[in-house]
Structure formats: C-alpha cells, structure tokens
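Take a look at the structure set out below.
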Amino acid sequence: MSFVDVVKEDDPTNNVPDTIYSKIGLQLHRRDNHPLGILKNTIYDYFDKSFPGQFVKFDDLCPLVSTKQNFDDVLVPADHVSRSYNDTYYVDSQTVLRCHTSAHQAELLREGHRHFLVIGDVYRRDSIDSTHYPVFHQMEGFRVFSPDDWSGSGMDGTAYAATDLKKTLEGLATHLFGAVEMRWVDTYFPFTNPSFELEIYFQGDWLEVLGCGVTEQEILKSNGRTDHVAWAFGLGLERLAMVLFDIPDIRLFWSNDQRFTSQFSKGKLGVKFKPFSKFPPCYKDMSFWINDEFTENNLCEVVRGIAGDLVEEVKLIDNFTNKKGMTSHCYRIAYRSMERSLTDEEINDMQWNVREEVKSKLRVELR
Ligand code: FA5
Ligand code: MG
1 MSFVDVVKED DPTNNVPDTI YSKIGLQLHR RDNHPLGILK NTIYDYFDKS FPGQFVKFDD
61 LCPLVSTKQN FDDVLVPADH VSRSYNDTYY VDSQTVLRCH TSAHQAELLR EGHRHFLVIG
121 DVYRRDSIDS THYPVFHQME GFRVFSPDDW SGSGMDGTAY AATDLKKTLE GLATHLFGAV
181 EMRWVDTYFP FTNPSFELEI YFQGDWLEVL GCGVTEQEIL KSNGRTDHVA WAFGLGLERL
241 AMVLFDIPDI RLFWSNDQRF TSQFSKGKLG VKFKPFSKFP PCYKDMSFWI NDEFTENNLC
301 EVVRGIAGDL VEEVKLIDNF TNKKGMTSHC YRIAYRSMER SLTDEEINDM QWNVREEVKS
361 KLRVELR
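This is the structure we're talking about:
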C-alpha cells in the first residue's frame with residue numbers, strides 16, 4: 001500500500017483525516033538537528049557503548065502495518081479498547097497507522113534478530129493538551145537471551161531478564177539525565193509479564209517515561225525462539241525531549257519556524273529551549289447535550305480538523321445529567337499559536353466552524 005491510499009473520505013473503515021495524513025513520512029526522528037533526532041542519537045550512543053556491535057537499529061520501517069502486526073502478534077486481546085476506531089487510525093479494516101513500535105517485534109524476531117532498536121512515528125486518536133499529540137515517536141528496545149546466558153546466574157530466565165532490563169534502563173536514564181531519582185512501578189501490558197513503568201523525578205514531579213517488561217513466552221515461541229527469554233521496552237521520545245530541552249508544548253516539535261529549529265544542533269543534548277514568543281491563549285467554551293456515541297476523541301478530531309495546531313487544549317470543565325437523564329458537557333477550547341498572535345476574527349471563525357461541525361458530525365445538541 002502506498003501513502004496515497006491512506007485517506008479515503010467515504011470509506012467507513014477509514015478514519016484517517018488530512019491533518020494526520022500530512023504528517024506521514026516527515027520522520028522528525030531522522031533529522032540530526034531536531035531535538036528528537038539528537039535524543040535518538042544519544043540513546044544509540046548508550047547502546048553502542050554498553051553493548052558494542054550488538055543492537056541493530058531500524059528507524060525507517062513503514063508506519064502502515066496490519067492489524068495482525070499491531071495487535072495480534074503482540075497478544076492484544078480481541079476486545080481491547082486500543083483496537084477500536086475511537087483509539088486507532090484505520091486505513092481499512094485490516095490496516096492501521098501503528099499505535100506503537102511494538103508492532104515490529106514479531107517480524108524482526110522472525111528475521112532472526114536478537115538485539116534491536118526500532119524508532120518511528122506512532123499514531124493515536126487521543127485527547128488534546130500540551131503533552132499529548134496524535135502523532136508522536138517511540139523507541140522500542142528488544143533483547144533475547146538463550147539458556148546459556150542465565151544458567152550460571154542462580155536465577156531463572158525471567159528473573160535474569162528482568163534484572164538485566166532494569167539495569168540497562170537505569171543506565172540509560174543516568175546517561176540522559178545524569179544522577180536522577182527514579183522509581184519502578186508495576187503495570188500491565190498484554191505482551192510482557194512482569195511489566196513495569198519507569199518514572200523519573202524531574203523538576204518536582206514523577207514523570208512516566210517508558211513501559212517495559214519480560215516478553216510473553218508465546219511471542220518468542222511463535223517467532224522462532226522457543227526456550228529463550230527476552231526483555232522489551234517502549235519509550236516516548238517527545239516526553240523525554242520536553243524535559244531534556246525544556247520544550248513546553250508538544251506541538252513545537254512540528255514547527256518549521258526558524259526561531260525553533262535554529263536552537264538545536266547535532267550532538268547537543270539538553271540545550272535549553274528559549275521561548276521566542278509568549279502569546280496568550282484564547283479560551284472558548286461550548287456546551288451541548290451528548291448522545292450515546294459521543295466520545296472526547298471524536299470531538300478532538302473535529303477541533304483539530306478545523307484549527308490544526310492552533311488548538312492547544314480541549315478540556316471538559318462541566319458535566320451534569322438532568323432529571324430527564326440528558327447529559328450535558330461543557331468543553332473549554334484553548335486556541336494559541338506558538339509563532340504569532342491570532343486575531344479575534346480568526347478565532348471566532350474557527351469557533352463558529354467547530355460549533356457547526358460538532359453539530360453536524362457528532363450530532364449533539366448545542367446549548
Ligand atoms: C506502549 O506503547 C508499549 N508498546 C510500550 C512497551 C513496549 C511496553 C515493550 C512493554 C514492552 P504506552 O502506551 O504506555 O506503552 O506508551 C509508551 C510511552 O509513549 C509512554 O510512556 C509515553 O512516554 C509515550 N506516550 C504515550 N502516549 C503519548 C502521546 N499521546 N503523546 C506523546 N507521548 C505519548
Ligand atoms: Mg503508559
């Protein structure tokens with residue numbers, strides 16, 4: 001399938017809008033002077049130093065994948081929410097824009113790889129705020145062990161892999177941030193057991209930077225690695241880069257404004273971003289009676305379709321159900337450009353269009 005076929009306006013099995021289509025193929029992570037490229041290269045350095053010659057890197061795998069790759073191959077249950085049209089961009093009923101780099105684990109295992117990193121753009125229908133964007137970048141890491149590796153350790157394979165995983169990622173965090181406080185939180189992923197999240201303490205807050213765990217046996221068995229164990233992790237590059245470079249809003253990564261791009265250069269991790277403008281946001285509220293099909297992700301898609309990157313946040317500020325059982329939501333939309341000041345007229349036009357489309361597309365009753 002080529003990128004040309006990604007948007008199909010009248011196909012009910014397709015929900016990819018133009019705003020997403022226009023991001024496919026930009027590959028911010030392959031630009032050496034972009035914060036995401038700088039961060040990627042710094043993580044490469046860590047793996048090259050810690051495991052000389054072992055990790056093979058893939059940063060150019062196609063983001064269009066089958067539902068089998070994205071979900072089935074990593075054991076995502078048939079009824080899991082991530083499979084819904086509300087959470088994932090479908091090109092057709094069998095093809096999605098990958099929602100995580102884990103979509104490539106199985107094929108790379110089958111090709112015989114034992115140590116690999118996959119970096120790529122991933123896509124999710126999601127809410128809108130300063131740390132969420134419908135396209136972001138992940139790095140997947142994967143390491144396979146054979147029985148020889150753990151036989152003398154006094155541990156079983158799972159404990160051995162979990163110990164190595166934590167040591168490797170603590171080392172990576174130190175490589176990126178210097179001495180930092182970090183903590184491990186137990187969590188759940190369909191493809192790993194046990195599963196963990198790593199949080200680092202930074203500027204007064206705990207920040208989730210990655211998910212990881214010991215790979216489910218079934219994945220190894222199905223892909224030619226019976227009797228082996230493995231670990232895997234998936235980290236969000238934007239979240240790390242926002243902290244390392246002091247980038248206040250996730251939309252900035254997509255900016256072509258010289259005043260943004262000129263502040264970063266190859267090999268320079270952690271240069272602090274200097275905001276070049278501080279335009280105030282403009283808030284518009286909108287209330288409506290929802291129906292059974294209403295979802296916040298659908299609302300955000302409508303707003304983004306009209307306002308593009310001029311929308312900074314869409315936030316539920318009031319929610320009540322009346323005596324007749326009708327539920328009202330009030331959303332506050334924040335409009336703000338990172339690059340210039342917006343005129344009243346421009347904002348009023350956008351808000352008027354948002355109201356019209358919310359009415360016609362989401363079939364809710366405006367109040
Ligand atoms: C995953 O995507 C798992 N595939 C990670 C994984 C891989 C677990 C291998 C175990 C083994 P999660 O949905 O939590 O997990 O996303 C991973 C990271 O992506 C998060 O920690 C966060 O840093 C980042 N992230 C998630 N959603 C967004 C978003 N909308 N915008 C920016 N970053 C995001
Ligand atoms: Mg998570």
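Okay, so the sequence shown: first residue is 1 according to full-length UniProt numbering, each after it adds one. For each residue, glycine too, the CB sits at the ideal point set by N, CA and C.
**OP:** Within its chain, find whatever has a CB closer than 7 Å to the CB of residue 185; leave out the 5 residues flanking it on each side and keep chain order.
**Re:** As a working note, residue 185 is residue 185 in the sequence shown. Excluding residues within five positions, the ones whose Cβ falls inside 7 Å are 196, 197 and 199.
Original post:
Is residue 210 near ligand 1, judged by its Cβ being under 6 Å from some heavy atom?
Top reply: If you number the sequence shown from 1, residue 210 lands on position 210. Under cutoff, so the answer is yes.
Subject >> Segment contact flag, the region 99-106 with the region 269-281, C-beta cutoff 8 Å, min 3 pairs >> reply: The region 99-106 is not in contact with the region 269-281.
**OP:** Taking only heavy atoms of ligand 1 into account, decide whether any of them is closer than 6 Å to the Cβ of residue 100.
**Re:** As a position in the sequence shown, residue 100 is number 100, starting the count at 1. Residue 100 Cβ: within cutoff of ligand 1.
Original post:
For residue 30, which residues from the same chain have a beta carbon less than 7 Å from its beta carbon, with the 5 sequence-adjacent residues on both sides left out?
Top reply: As a working mapping, residue 30 is identified with position 30 in the sequence shown. Here residue 30 has 37 and 59 as same chain residues with Cβ atoms under 7 Å from its own Cβ, once five neighbours each way along the sequence are excluded.
**OP:** Jot down the residue ranges of each uninterrupted alpha helix (DSSP H) in the region 26-109, minimum 4 residues, whole runs only, in chain order.
**Re:** 35-50 and 67-70
Original post:
Which residues share a DSSP beta bridge with residue 132?
Top reply: In the sequence shown, residue 132 corresponds to position 132, counting from 1. Paired residue(s): 129.
Original post:
Is residue 17 helix, strand or coil when you go by DSSP?
Top reply: As a first step, residue 17 is located in the sequence shown; it is residue number 17 there, counting from the start. In the structure shown, residue 17 sits in coil (DSSP, three-state: anything other than H, G, I, E or B).
Subject >> Contacts around residue 158, its chain only, beta-carbon distance under 7 Å, and the 5 residues preceding and following it disregarded >> reply: In the sequence shown, residue 158 corresponds to position 158, counting from 1. Hits under 7 Å: 214 and 229.
Subject >> Distance CB(residue 33)-CB(residue 264) smaller than 7 Å >> reply: Residue 33 sits at position 33 when you count from the first residue of the sequence shown. Residue 264 sits at position 264 when you count from the first residue of the sequence shown. It is a contact, given that the beta carbons lie within the stated cut-off.
**OP:** Check the C-beta distance from residue 276 over to residue 35 and give it rounded, since I have them as a contact under 8 Å.
**Re:** Sequence index remark: in the sequence shown, residue 276 carries index 276 (1-based). Sequence index remark: in the sequence shown, residue 35 carries index 35 (1-based). Their Cβ separation, rounded to whole angstroms, is 15 Å, which puts residue 276 and residue 35 out of contact at 8 Å.
Original post:
Alpha carbon to alpha carbon, what distance is there between residue 64 and residue 13?
Top reply: On the sequence shown, position 13 is the one that residue 13 refers to. On the sequence shown, position 64 is the one that residue 64 refers to. Cα to Cα, the separation comes out at about 15 Å.
Original post:
What do you reckon, is the C-beta of residue 132 under 6 Å from a heavy atom of ligand 1?
Top reply: Residue mapping note: residue 132 aligns to position 132 of the sequence shown, counting from 1. For ligand 1, at least one heavy atom lies less than 6 Å from the Cβ of residue 132.
Original post:
Using a Cβ-Cβ cut-off of 7 Å (strictly less than) and excluding sequence neighbours within five positions of residue 370, which residues of its own chain qualify?
Top reply: As shown, the chain starts at 1 and ends at 367. That puts residue 370 outside it, with no answer to give.
Original post:
Nearest to residue 207 by CA position, among 238, 146 and 231, is which residue?
Top reply: Along the sequence shown, one-based indexing puts residue 207 at 207. Considering only alpha carbons, the answer is 238.
**OP:** Measure from the alpha carbon of residue 241 to the alpha carbon of each residue in 81, 138 and 164, then state which is nearest.
**Re:** Residue numbering aside, residue 241 sits at position 241 when the sequence shown is read from its first letter. Checked all of 81, 138 and 164; the closest Cα to residue 241 is 138.
Original post:
By Cβ distance, which residues of its chain are closer than 7 Å to residue 225, with the 5 residues on each side in sequence left out?
Top reply: By 1-based counting over the sequence shown, the position of residue 225 is 225. Cβ within range, chain order: 109 and 144.
Original post:
Is the CB-CB distance between residue 192 and residue 140 below 7 Å?
Top reply: Within the sequence shown, the letter at position 192 stands for residue 192. Within the sequence shown, the letter at position 140 stands for residue 140. No, the Cβ-Cβ distance between residue 192 and residue 140 is not below 7 Å.
Original post:
Span of the beta strand (DSSP E) holding residue 182?
Top reply: The residue labelled residue 182 in the question sits at position 182 within the sequence shown. It spans 182-189 - the beta strand (DSSP E) in which residue 182 sits, taken as one unbroken run.
Original post:
Where do the N-terminal and C-terminal ends of the alpha helix (DSSP H) with residue 248 fall, by residue?
Top reply: For the purposes of this step, residue 248 is identified with residue 248 of the sequence shown, where counting begins at 1. Here residue 248 belongs to no alpha helix (DSSP H), and DSSP marks it neither H nor E.
Subject >> Where residue 236 sits in the DSSP three-state scheme >> reply: Here residue 236 refers to the residue found at position 236 when the sequence shown is read from its first residue. In the structure shown, residue 236 sits in a strand (DSSP, three-state: E or B).
**OP:** Helix, strand or coil for residue 315, going by three-state DSSP, please let me know.
**Re:** Translated into the one-based positions of the sequence shown, residue 315 becomes position 315. Residue 315 falls in the strand class under three-state DSSP.
**OP:** May I ask whether a heavy atom of ligand 1 can be found less than 6 Å away from the beta carbon of residue 232?
**Re:** Position 232 of the sequence shown, counted from the start, is the residue given in the question as residue 232. Answer for residue 232: yes, Cβ within range of ligand 1.
Subject >> Boundaries (first-last residue) of the alpha helix (DSSP H) holding residue 346 >> reply: Residue 346 sits at position 346 when you count from the first residue of the sequence shown. Residue 346 -> alpha helix (DSSP H) spans 344-362.
Original post:
Just to confirm, does residue 136 get its C-beta within under 6 Å of one of the non-hydrogen atoms of ligand 1?
Top reply: Position 136 of the sequence shown holds residue 136. Because some heavy atom of ligand 1 lies under 6 Å away, the Cβ of residue 136 counts as near it: yes.
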